[in-house]
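So the protein lines, in turn, are chains A and B. In this text, residue positions in the first sequence follow my numbering: the first is 1, and each later residue adds one. In this text, residue positions in the second sequence follow my numbering: the first is 1, and each later residue adds one. Glycine included, every Cβ here is placed at the ideal spot set by N, Cα and C. The model shown is predicted, which means the values in this text are computed figures rather than measured ones. What follows is one structure encoded as structure tokens, with my remarks underneath.
2 protein chains.
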Amino acid sequence: MKIDPTSSKDLSAQIADAIREEIVAGRLIVDQRLPSEAELADYFNVSRPTVREALKRLAAQSLIRTQRGATGGAFVNRLRFEDAYDQQVTTASLLLSMNAVSFDVACEARYALERACAPLSAARRTPDHLATMRAEIHRQGQPGLTDEAFCASDVTFHRALVDGAGNKVLSYQLAGAVEAMQPLMNMITFTARSREAIIALHTKIADAIEAGDADRVESELNALETYTRDLAHTVVTSRDTKAKDKTA
Amino acid sequence: MKIDPTSSKDLSAQIADAIREEIVAGRLIVDQRLPSEAELADYFNVSRPTVREALKRLAAQSLIRTQRGATGGAFVNRLRFEDAYDQQVTTASLLLSMNAVSFDVACEARYALERACAPLSAARRTPDHLATMRAEIHRQGQPGLTDEAFCASDVTFHRALVDGAGNKVLSYQLAGAVEAMQPLMNMITFTARSREAIIALHTKIADAIEAGDADRVESELNALETYTRDLAHTVVTSRDTKAKDKTA
DNA sequence: GACATTAAAATGCCAGACAATTAAAAAGTG
DNA sequence: CACTTTTTAATTGTCTGGCATTTTAATGTC
């Protein structure tokens, strides 16, 4: 573990990189205690604040946790799927909003990934997953539901579908794709008629999942993708028309 | 933007959360300059080092960048796909290694996602993507190639397949799944015979991509998944047997 | 032995300073 | 005036030293 004081990079960034490398390579293992801040400062020939900045960088990625007190210190953290979920959702959301990713591209990616889960979910889903899907479909039919709540329920429905595949890695990967779409979906106004159509498609998907019919799940997902994209186009077009009317 | 000095959480973590929230919500936009460290310290009623720790946390997530000098400061960073790739690969790798994710589960997720790209890639891949695939197949046939180099080439091959779908969001999502598998794959010893089998399957996949035959791409990917998992099982079984022999 | 007290070790936080970098403003120069 | 050089100011990067807080372990007391 070496750092280069003449590099243009921050010392704290270099130190963080060095420690991260040790963790990724497995030379620092889960729950192992790092040297104290003072010892690290001594080792790298830097001051304690610099070491602290480095440790905060690692903490921001959930790679370490710190504990105060006599036997405290920084410990290599077991990266949990839940922690990774949250980071992924944030990252994916920002990627979409900051890079002018079109609704179509995001939607295509999301449904492509979701279809990948279809066969596994049809085969392995538990009664719980199916119950969640049915419950969300019911919620989506409630009158007086706001558009935001409708979208949130939509996310829960699809996450149940994904989780039904019983593969944590898959669920983790999909969390970003599904949840990151929510801000984009929130821009759509769901009329009573479009909600009805979506609920009908959701019901068909749940039915196909229940029947264990992977092909039907996939084709219904396809139908849902098509409908969603058409809906978005309609919204965008009508908004553009209105904007033009105003300028005219 | 408020923080609670009596909270159990670190002040620097609270400040980072507050600023992150502003970015995610779009109230701080790309390339916008944050107040100087001194101003932030003043605003939050904390010291400069504490503010700096908060900013380093955000920098670790590529949410801000800093610039020294007169007109310097911290700026909201446009999160690039490349930056997100790297973070995702690190995170996914650690998730697998720290959570005792089996080869089977990881492999299943990876190929499920990759099959999701198949139809898009068959339809849209450019000559470049195809050329990369062919080149990597050729490299994989070179004698004297180390197992690590073989795996690295394998990753490049599959990334070309994924990138062929022409959907950046999909590529980003898949980067983690494909590259995070590499450390696991590296544990496998590839005999001359198994390399030959994999190269044959790669060739079939490339052929199917060239022909634009999505179904064939999917079924060949299936075959590759099955072969890879069988291979891993053989390796694990033979290693277990050897371990047993030693203890006996 | 049970409980209270004290000591020690570690992180959390702060104040103040100086160094390094950068761009803009000011000054100098032909 | 145009161009170059110098100065200055703003900002981040880093260091020193210290105090506060938290937690555990050791010590003492009954």
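According to DSSP, arginine 33/B shares a beta bridge with Phe75/B.
The C-beta separation of alanine 16/B from alanine 60/A comes to about 7 Å, placing the pair in contact by the 8 Å criterion. In the structure shown, the three-state DSSP call for threonine 156/B is helix. If one requires a minimum length of 4 residues, the alpha helix (DSSP H) runs lying completely within the region 53 to 140 of chain B are 81 to 98, 103 to 124 and 127 to 140, in chain order. In this structure, leucine 201/A and methionine 98/B do not form a Cβ contact; the two beta carbons are roughly 38 Å apart against a cut-off of 8 Å. When secondary structure is reduced to three states using DSSP, threonine 146/A falls in the coil class, being assigned neither helix nor strand.
Contact check between the region 147 to 157 of chain B and the region 210 to 225 of chain B: fewer than three CB pairs, one atom from each, fall below 8 Å, which does not count as touching.
In the pairwise beta carbon analysis, the region 107 to 114 of chain B is classified as not touching the region 78 to 96 of chain A: fewer than three pairs are separated by under 8 Å.
Chain-ordered listing is empty here: chain A has no CB closer than 8 Å to the CB of lysine 9/B, the nearest sitting near 11 Å.
Membership of proline 183/A in the alpha helix (DSSP H) is indicated by the continuous run 182 to 185.
Taking a Cβ-Cβ cut-off of 7 Å, the neighbours of threonine 90/B in chain A comprise Val24, given in sequence order. Look at leucine 113/B: its C-beta is under 9 Å from a C-beta on chain A.
Under the criterion of beta carbons closer than 8 Å, cysteine 117/A and leucine 161/A qualify as touching, at roughly 7 Å. Residues of chain A whose Cβ lies closer than 8 Å to the Cβ of arginine 57/B are, in chain order, Lys56, Arg57, Ala59 and Ala60. Those residues of the region 71 to 90 of chain A placed with their C-beta closer than 8 Å to a C-beta in chain B are Arg78, Leu79, Arg80, Phe81, Ala84, Gln87, Gln88 and Thr90, ordered along the chain.
Proximity of chain A to cysteine 117/B at the Cβ level (cut-off 8 Å) is accounted for by Ala112, in chain order. Straight-line measurement puts the Cα of alanine 206/A at about 18 Å from the Cα of serine 194/A.
In this structure, DSSP gives valine 51/A a helical state, which the three-state scheme calls helix. At least 9 Å separates the CB of proline 5/B from every CB of chain A.
A Cβ-Cβ separation of about 29 Å leaves isoleucine 188/A out of contact with leucine 120/A under the 8 Å criterion.
For glutamate 53/B, at least one C-beta of chain A is nearer than 9 Å to its own C-beta.
Linking glutamine 14/A to aspartate 42/B through their CA atoms gives a straight-line distance of about 29 Å.
DSSP places threonine 6/B outside both helix and strand once states are collapsed to three, so it counts as coil. When only Cα atoms are considered, threonine 66/B and leucine 34/B end up about 10 Å apart. The alpha-carbon of leucine 40/A is positioned some 31 Å away from that of glutamate 82/B. The beta-carbon distance between tyrosine 172/A and alanine 74/A, rounded to whole angstroms, is 25 Å. This is too long to meet the 8 Å contact definition. Ranked by Cα distance from serine 219/A, the options Gly72/A, Ile198/A and Lys204/A are led by Lys204/A. For glutamine 173/B, the chain A residues whose C-beta falls within less than 7 Å of its own C-beta are Ala109, Leu113, Gln173, Gly176 and Ala177, listed in chain order. DSSP places threonine 203/B inside the alpha helix (DSSP H), whose first and last residues are 192 to 211.
Selection Ile3/B, Asp4/B and Ile64/B evaluated against leucine 28/B yields Ile64/B as nearest (Cα-Cα).
When DSSP states are grouped into helix, strand and coil, threonine 189/A belongs to the coil group. Between isoleucine 23/A and leucine 11/A, the C-beta spacing is not below 9 Å.
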